[in-house]
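Chemist: The listed protein sequences correspond, in order, to chains A and B. Just so you know, the working numbering puts 196 at position 173 of the first sequence, and the rest follows in order with no gaps. Just so you know, the working numbering puts 28 at position 5 of the second sequence, and the rest follows in order with no gaps. The structure that follows is given in the form of structure tokens.
2 protein chains.
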Amino acid sequence: MFTPFLHQLGPWLRGDGAVSDIVISSRIRLARNISGFPFKSKASEEDRQQIEELLHQMMPKILDENSYYELDMETLSPVDRHLLQERQLISRDIADAEGPRAAFIAKDESFSIMVNEEDHLRMQSLTSGLDLSKVWNIINQLDDKVESLIPYAFSPELGYLTACPTNVGTGLRVSVMLHLPAVTISQEIEKVFRGLQKLNLAVRGIYGEGSQALGDFYQISNQITLGRSEEELMQQVREIVDRIVQYEQKARESLMHDDKNSVYDRASRALGILQSARTMSSEEAMHLLSSVRLAVNLGILEVPAIPLINELLLYIQPAHLQRLNNSELSVPERDLARAEFLRRKLGEHP
Amino acid sequence: MFTPFLHQLGPWLRGDGAVSDIVISSRIRLARNISGFPFKSKASEEDRQQIEELLHQMMPKILDENSYYELDMETLSPVDRHLLQERQLISRDIADAEGPRAAFIAKDESFSIMVNEEDHLRMQSLTSGLDLSKVWNIINQLDDKVESLIPYAFSPELGYLTACPTNVGTGLRVSVMLHLPAVTISQEIEKVFRGLQKLNLAVRGIYGEGSQALGDFYQISNQITLGRSEEELMQQVREIVDRIVQYEQKARESLMHDDKNSVYDRASRALGILQSARTMSSEEAMHLLSSVRLAVNLGILEVPAIPLINELLLYIQPAHLQRLNNSELSVPERDLARAEFLRRKLGEHP
């Protein structure tokens, strides 16, 4: 069992950073492959073990040995892997895969390096609010250090070579997690998303399978990494996020003007249900927490604080719930544990 | 403005009496007409004034003068009339009618006499729980006293004559108000009601227009008063109520056995919403209070006490809400006032 992160608030839960009422977190990941090895899909188990061993040897030269955990995905339990995935420290793919694979994760959760994900290396940094420069600086420095010791697969024409052509070039993906309850209520969200697709940006929900967005939380990211510089790619996402943020801000202003009582009523009821239900699915919990988060950000509700709401959004997920309860739980058991956890954290009533 | 009853708990709100977990209240009313006057539908305004005057003169000889209020329906405000109706002290018909009409109401709300309702006199008594003997004794004594001073329209063959043929004979209607959430959940309620119709018993909701039952509260009463003695009519209703009570008790036992967690979850959420909503219709409030009342009666919830729940069921009605707020309120204003009242009485949260 791997517990270090369980009782710590990750950097994207703090609820600070720019426009953190709308932007939950900013993330950048780089896809890299090591010269001299086949891409992972073609690599033998021995190749992958060698890659893992190479990183194991090199990492103390790249990072302060006390600053990170090295985690062997093959020996880590499924629930622990899913816990890391819920914290956005590893991908769903590497959590669910088999064979030699590992993750190096900063103790403060500010960055992580996956080994033998789709590419040999996937490096990412994550922070609260909208701050692409910060995550870029962290991940760029890390990338430089790794590259100084490990030869990357690189083509002067194409840039960094990756297992999937959509990542060729910079290997960079910028992802911004947004809370968009007001444009959802005002039914403008479809318009926003149609605009994003034209710009080759992908929209996903968080936690939900596939693209299903739960509780008005959405993640947008660039689709194409080729033919543009890292700075251009970040600038494109930044501009579009700014536009979506403006949409959401306008929709929130309209709500406050036209329908404040409904927002207040909906959020008060949501909080009342969160404080009193005896069983609750994660879908329902995310919807209710979304209503509460909107009202707190609009100043309609005074409590709970945003960092607590962000924390709850994470800890109601299956792996976190099971690790908090120190046991494997079936879906109905999780629903009971989730309701109990929410009541305890939000103040049980009566 | 007529306020005496506003801050007093009527006798049917106490939540005591036999099987009061299922039977809210028992009521008996007698329809009587005064010999020498046409039935009300044929009576002139002068006739009706004379009837009212006659009762005004006689009442001090029938009742202790300090034990009742004499209320002129023509001068009482509509909201005060509806308040009396919500307390089951007068009928909707007399509340909404026009012309000379009055009500004599016991200060302790144990009985009332309506003058110029559908019949010249409608006398009724009401108590908490299942206790037909008690209300019969009260109303029978009252009837005897009235009859000793005022000649009733009576036929040796038919019995007491009434404006509507369904009341001819004893002029007696027995009504029992029931809370039947478990047979409603188990979907046996339709079966119960089909059985009642075969037995010529009527089923109505309380407060709801017509037969719409709100919050699983139902009122059953005999349809026919002819050809049977008062004791037989009461016995018939008593036996059927006993049977319905047994159905409900069995359905509650099954719920406790098979689905206790759902009952607990539903009731906890209902209480959470009642304690937190900022606006609420009376329909929703009655449904939520019904869930809470069931759980308290099953010992699943410890609070709120049954008398408080019964009180809330009454005070969330439009006229009570408006009188508590000392002003006429539109429907949206009432919904706000209702939610505010419920939060205050149940303990606001957070």
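We put the beta carbon where it would ideally sit given N, CA and C, even for glycine. In this text, all values refer to a predicted model and were calculated from it rather than measured experimentally.
Return the CA-CA distance between L149 of chain B and W159 of chain B, expressed in angstroms with no decimal places.
Modeler: About 9 angstroms.
Chemist: Quick check on S133 of chain B - is its C-beta less than 9 angstroms from some C-beta in chain A?
Modeler: S133 of chain B does not count as touching chain A.
Chemist: To the nearest angstrom, report how far apart Y91 of chain A and L36 of chain A are at their CA atoms.
Modeler: One C-alpha to the other measures close to 19 angstroms.
Chemist: What do you reckon, are the CB atoms on I247 of chain B and T189 of chain B nearer than 9 angstroms?
Modeler: For I247 of chain B and T189 of chain B, yes; Cβs fall inside 9 angstroms.
Chemist: Within 10 Å of its beta-carbon, does N349 of chain A have 16 or more other beta-carbons around it, so buried, or fewer, so exposed?
Modeler: Classification of N349 of chain A: exposed, given that the 10 Å Cβ count is below 16.
Chemist: Which runs of the alpha helix (DSSP H) fall wholly inside the segment 96-176 of chain B and span at least 4 residues, in chain order?
Modeler: If we require 4 residues or more, the alpha helix (DSSP H) runs fully inside the segment 96-176 of chain B come out as 101-109, 115-119 and 155-172.
Chemist: Would a C-beta distance cut-off of 9 angstroms place S314 of chain B and R289 of chain B closer than the cut-off?
Modeler: Yes, the pair counts as a contact, with Cβ atoms nearer than the cut-off.
Chemist: Which one of A:I57, A:N89, A:E88 and A:I85 has the shortest CA to CA distance from I74 of chain A?
Modeler: Considering only alpha carbons, the answer is A:I57.
Chemist: Within 9 angstroms of any Cβ in chain A, is that where the Cβ of Q340 of chain B sits?
Modeler: Cβ-Cβ to chain A under 9 angstroms: no for Q340 of chain B.
Chemist: Shortest alpha-carbon distance to L359 of chain A belongs to which of B:V326, B:S285 and B:L331?
Modeler: Of the candidates B:V326, B:S285 and B:L331, the one whose C-alpha sits nearest the C-alpha of L359 of chain A is B:S285.
Chemist: Please tell me whether S234 of chain B has its Cβ less than 9 angstroms away from any Cβ of chain A.
Modeler: Because the pLDDT at S234 of chain B is just 46, under 50, the model does not fix this residue reliably, and the point stays unresolved.
Chemist: Using 9 angstroms as the limit for Cβ to Cβ distance, is I208 of chain A near chain B?
Modeler: No - not a single Cβ of chain B is within 9 angstroms of the one on I208 of chain A.
Chemist: Nearest to A41 of chain B by CA position, among B:M200, B:F240 and B:Q164, is which residue?
Modeler: Taking only the C-alpha atoms, the option nearest A41 of chain B is B:M200.
Chemist: Can you look up S2 of chain B in the DSSP assignment and give me helix, strand or coil?
Modeler: In the structure as shown, chain B starts at 24 and stops at 373, and residue 2 of chain B therefore has no counterpart that could be examined.
Chemist: Counting pairs of Cβ atoms below 8 angstroms between the segment 252-265 of chain A and the segment 54-72 of chain A, do you hit three or more?
Modeler: Verdict: no, contact absent.
Chemist: What's the gap between the Cα of H12 of chain B and the Cα of S209 of chain B?
Modeler: Because chain B spans 24 through 373 in this model, residue 12 of chain B falls outside it and cannot be assessed.
Chemist: Pairs of beta-carbons, one from the segment 221-228 of chain A and one from the segment 335-342 of chain A, closer than 8 angstroms: are there three or more?
Modeler: Too few Cβ pairs lie closer than 8 angstroms, so no.
Chemist: Taking the straight line between their C-alpha atoms, what separation do you get for M279 of chain B and S67 of chain B?
Modeler: Going from the Cα of M279 of chain B to the Cα of S67 of chain B covers about 59 angstroms.
Chemist: Are at least three pairs of beta-carbons, each pair with one atom in the segment 124-133 of chain B and one in the segment 104-113 of chain B, less than 8 angstroms apart?
Modeler: As far as the Cβ criterion goes, the segment 124-133 of chain B touches the segment 104-113 of chain B, which means the pair count is three or higher.
Chemist: Under 9 angstroms between the Cβ atoms of G33 of chain B and Q298 of chain A?
Modeler: Taking 9 angstroms as the Cβ cut-off, G33 of chain B and Q298 of chain A do not qualify as a contacting pair.
Chemist: Based on Cα-Cα distance, which residue from A:L107, A:M146, A:P174 and A:I267 lies nearest to E211 of chain A?
Modeler: Residue A:I267 is the option with its Cα nearest to E211 of chain A.
Chemist: Closest to L195 of chain B by CA distance: which of B:H202, B:I323, B:D154 and B:Q147 is it?
Modeler: Nearest option by C-alpha distance: B:Q147.
Chemist: Counting only beta-carbon atoms, is R361 of chain B nearer than 9 angstroms to chain D?
Modeler: Of the protein chains in this structure, namely A and B, none is chain D.
Chemist: Does the beta carbon of R366 of chain B fall short of 8 angstroms from some heavy atom of the ligand MG?
Modeler: In the structure shown, the ligand MG is absent, as is every other ligand, since no ligand is present at all.
Chemist: Answer yes or no: does any C-beta atom of chain B fall closer than 9 angstroms to that of S244 of chain A?
Modeler: No, no contact with chain B.
Chemist: Which residues in the same chain have their Cβ closer than 8 angstroms to the Cβ of R71 of chain A, if we skip the five residues on either side of it in sequence?
Modeler: Correct list, in chain order: K63, G122, P123, R124 and N139.
Chemist: Relative to chain A, which residues along the segment 285-303 of chain B have a C-beta separation below 7 angstroms, given in chain order?
Modeler: Answer in chain order: Y287, D288, S291, R292, L294, G295, I296, Q298, S299, A300, R301 and T302.
Chemist: Could you pull the DSSP bridge partners for I57 of chain B from this structure?
Modeler: Per DSSP, B:Y175.
Chemist: Mark K84 of chain A as exposed unless 16 or more other C-beta atoms lie within 10 angstroms of its C-beta, in which case mark it buried.
Modeler: Flag for K84 of chain A reads exposed.
Chemist: Decide if Q242 of chain A is buried, meaning its Cβ has at least 16 other Cβ atoms within 10 Å, or exposed.
Modeler: Flag for Q242 of chain A reads buried.
Chemist: Hey, out of A:P327, A:V354, A:E351 and A:Q345, whose CA is closest to K368 of chain A's CA?
Modeler: Nearest of A:P327, A:V354, A:E351 and A:Q345 to K368 of chain A, Cα basis: A:P327.
Chemist: My understanding is that I51 of chain A touches L155 of chain A, with C-beta atoms under 8 angstroms, so please give their C-beta distance in whole angstroms.
Modeler: Indeed, because the Cβ distance is near 7 angstroms, the residues count as touching under 8 angstroms.
Chemist: Below 9 angstroms between beta carbons: does that hold for R361 of chain B and M303 of chain B?
Modeler: In this structure, M303 of chain B lies closer than 9 angstroms to R361 of chain B by Cβ.
Chemist: Specify, as a first and last residue, the run of the alpha helix (DSSP H) that Q246 of chain B falls within.
Modeler: Run containing Q246 of chain B: none; DSSP gives neither H nor E here.
Chemist: Output needed for L165 of chain A: all residues of its chain with C-beta closer than 7 angstroms, excluding positions within five of it in sequence on either side, in chain order.
Modeler: Hits under 7 angstroms: F134 and M146.
Chemist: May I ask which residues mark the beginning and end of the beta strand (DSSP E) holding H30 of chain A?
Modeler: It is not in any beta strand (DSSP E) - H30 of chain A carries neither H nor E in the DSSP assignment.
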